[in-house]
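Protein sequence lines, in the order shown, are assigned to chains A and B. Letter 136 of the first sequence, counting from 1, is numbered 136 in the working numbering, and no numbers are missing. Letter 77 of the second sequence, counting from 1, is numbered 77 in the working numbering, and no numbers are missing.
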Amino acid sequence: MPTRNNEAWLSDLATPGPAREAALEDLRDVIQKGLPYALSRWLSPDQPQFNSLVEEVTQETLLRVLDQLRTFEGRSQFTTWVHKIAVRIALTELRRKRWRDSSLDELTENEDVPPPPGLLADPQAGPETSAERADMLARVSRIIEEELTDRQRQALILLGVQDMPMEDAARKLKTNRNALYKLLHDARLRLRRRLSMEDIAPYEVLTLFEHK
Amino acid sequence: MNIRAIIQKIKKSFSPHEELPNQTVLGFLHVLESVQEEGCSCDEVFTRIDEYVEREVDNRDAEDLMPLIREHLDLCPECCEEYEALLDVLEKTSQEHK
Chain A
1 MPTRNNEAWL SDLATPGPAR EAALEDLRDV IQKGLPYALS RWLSPDQPQF NSLVEEVTQE
61 TLLRVLDQLR TFEGRSQFTT WVHKIAVRIA LTELRRKRWR DSSLDELTEN EDVPPPPGLL
121 ADPQAGPETS AERADMLARV SRIIEEELTD RQRQALILLG VQDMPMEDAA RKLKTNRNAL
181 YKLLHDARLR LRRRLSMEDI APYEVLTLFE HK
Chain B
1 MNIRAIIQKI KKSFSPHEEL PNQTVLGFLH VLESVQEEGC SCDEVFTRID EYVEREVDNR
61 DAEDLMPLIR EHLDLCPECC EEYEALLDVL EKTSQEHK
């Protein structure tokens, strides 16, 4: 594979023709060399879906690179920029799949299985600590109830309780990932201000729940 | 449906909101200490993350130069997953070339 600098990648990919075809072929190799490392925390190369995922992500990445070529600002190596796009596409797909599978598992779980032991059911904690914890959780929960808007609360339930991926939660709330992050960021700021007004330091609450 | 589930259902019908589990409440508190007034968005992080990761791989003060990106990565699990995956790609492919 010829070594290209950023300008060479851009000029080769800019117009249809043999130079673009060759550059796309080389870019395919670049993506396929890097992608297995990006997927290593999620999938093993022995799993049956591994190769088809790599192929799908490669195709989609090449299309997106051509589509967004003009947005490349040259702040990094061109190939790093391409890997970034491939990572986004691959992880979005894997998160969606993980969430779909876990939701299915929950649906098929037996209703009579007891819930996992809660934070308050710590056998190591004495009655005084347990009472203190219950009291603190009730205070914080009340503050959350009062401070968060319905939408912020809805977002917290989708992400924090249902473990839904951000892209899907954003779609459900008819917004985008950016705005959803902002919604939660504002919720955190609001909550922090209110806790501070009530003289509650988050780290003190968390310390209370550390196993003693 | 057992008795506990029935009680939960009745409680829910009187409460305007679904009760947040304790784990979620504590998880939310966990990140409050590190939240800054000025944050950057997921899109801004995506725009700069390739540069950030390259700097990190080359030991070129990524965190000092782009503190808002670091803060966002600490708060946003999905951006953080993408950052870690990209870091894996760059570190491992650069080792292959050595």
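The beta carbon of each residue, even a glycine, is placed where N, CA and C say it ideally should be. Please read all numbers here as calculations on a predicted model, not as lab measurements.
CB contact check: residue i to chain B, cutoff 9 Å
| i | result |
| --- | --- |
| lysine 84/A | yes |
| arginine 213/A | Outside the displayed span of chain A (1 to 212) sits residue 213/A, for which this structure offers no information. |
| proline 2/A | no |
| proline 117/A | Only weak support exists for where proline 117/A lies, its pLDDT of 48 falling under 50; the value from the coordinates is given anyway. False, the Cβ-Cβ gap to chain B never drops below 9 Å. |
| glutamine 124/A | no |
| proline 16/A | no |
| methionine 166/A | yes |
| glutamine 213/A | Here chain A has residues from 1 to 212 only, and residue 213/A is not among them. |
Simplified DSSP assignment, three categories, for residue i
| i | result |
| --- | --- |
| proline 223/A | Examination of residue 223/A is not possible in this model, given that chain A is present from 1 through 212 alone. |
| valine 31/B | helix |
| glycine 74/A | coil |
| methionine 136/A | helix |
| asparagine 176/A | coil |
| asparagine 5/A | coil |
| isoleucine 85/A | helix |
| aspartate 46/A | coil |
| phenylalanine 209/A | coil |
| glutamate 93/A | helix |
| arginine 28/A | helix |
| glycine 39/B | coil |
| proline 21/B | coil |
| asparagine 59/B | coil |
| cysteine 76/B | coil |
| glutamate 204/A | helix |
Any C-beta of chain C under 9 Å from that of residue i
| i | result |
| --- | --- |
| alanine 131/A | As a matter of chain content, chain C is missing from the structure shown, whose protein chains are A and B. |
Cβ separation of residue i and residue j, assumed to be a contact under 8 Å, to the nearest whole Å
| i | j | result |
| --- | --- | --- |
| glutamine 162/A | glutamate 54/B | Not confirmed; about 35 Å, so no contact. |
| serine 34/B | aspartate 61/B | With 8 Å as the limit, serine 34/B and aspartate 61/B do not qualify as a contact, their Cβ atoms being about 20 Å apart. |
| alanine 95/A | proline 165/A | Going by the sequence as given, residue 95/A is arginine instead of alanine. Arginine 95/A to proline 165/A, Cβ: 4 Å. Contact. |
| threonine 47/B | glycine 160/A | With 8 Å as the limit, threonine 47/B and glycine 160/A do not qualify as a contact, their Cβ atoms being about 27 Å apart. |
| tyrosine 181/A | aspartate 88/B | Contact flag wrong, Cβ pair sits at about 23 Å. |
| leucine 20/B | proline 202/A | Going by Cβ atoms, the distance from leucine 20/B to proline 202/A rounds to 15 Å, so no, they are not a contact pair. |
Residue-chain proximity (residue i, chain A), Cβ-Cβ < 9 Å
| i | result |
| --- | --- |
| cysteine 65/B | The question names cysteine, yet the displayed sequence has leucine at residue 65/B. Chain A, which has no Cβ nearer than 9 Å to the Cβ of leucine 65/B, makes this no. |
| alanine 85/B | yes |
| aspartate 61/B | no |
| isoleucine 69/B | no |
| glutamate 96/B | yes |
| glutamate 56/B | no |
Buried versus exposed, by CB contacts within 10 Å (16 or more), residue i
| i | result |
| --- | --- |
| glycine 34/A | buried |
| aspartate 67/A | exposed |
| threonine 80/A | buried |
| proline 116/A | With a pLDDT of 46 at proline 116/A, under the threshold of 50, the modelled position of this residue cannot be trusted; read the value that follows with caution. So proline 116/A ends up on the exposed side. |
| glutamate 146/A | exposed |
| serine 41/B | buried |
| methionine 1/A | exposed |
| glycine 17/A | exposed |
| aspartate 199/A | exposed |
| tyrosine 52/B | buried |
| glycine 39/B | buried |
| methionine 197/A | exposed |
| leucine 158/A | buried |
| aspartate 50/B | buried |
| glutamate 210/A | exposed |
Closer than 8 Å: residue i CB and nearest the ligand NAP heavy atom
| i | result |
| --- | --- |
| leucine 53/A | Looking at this structure, you won't find the ligand NAP or any other ligand, since it has none at all. |
| Residues, ordered as in the chain, of the stretch 41 to 61 of chain A that lie near chain B by beta-carbon distance below 8 Å | Answer in chain order: Arg41.
| query | At a Cβ cut of 8 Å, what residues of the stretch 22 to 41 of chain A count as close to chain B, listed as they run along the chain? | reply | The stretch 22 to 41 of chain A vs chain B, Cβ under 8 Å: Lys33, Gly34, Leu35, Tyr37, Ala38, Leu39, Ser40, Arg41.
| field | Under 8 Å (Cβ pairs) to chain A, residues found in the stretch 22 to 42 of chain B | value | Going along the stretch 22 to 42 of chain B in chain order, one finds Asn22, Gln23, Thr24, Val25, Leu26, Gly27, Phe28, Leu29, His30, Val31, Leu32, Glu33, Val35, Glu37, Gly39, Ser41, Cys42 with a Cβ nearer than 8 Å to chain A.
| request: Return the residues of the stretch 173 to 185 of chain A that lie within a Cβ-Cβ distance of less than 7 Å from chain B, sorted by chain order. | output: If the cut-off is 7 Å between Cβ atoms, the stretch 173 to 185 of chain A has Arg177, Asn178, Tyr181, Lys182, His185 near chain B.
| request: Report the residues of the stretch 71 to 83 of chain B with a CB closer than 7 Å to any CB of chain A, ordered along the chain. | output: Taking 7 Å as the Cβ-Cβ cut-off against chain A, the residues of the stretch 71 to 83 of chain B that qualify are Cys76, Glu78, Glu81, Glu82.
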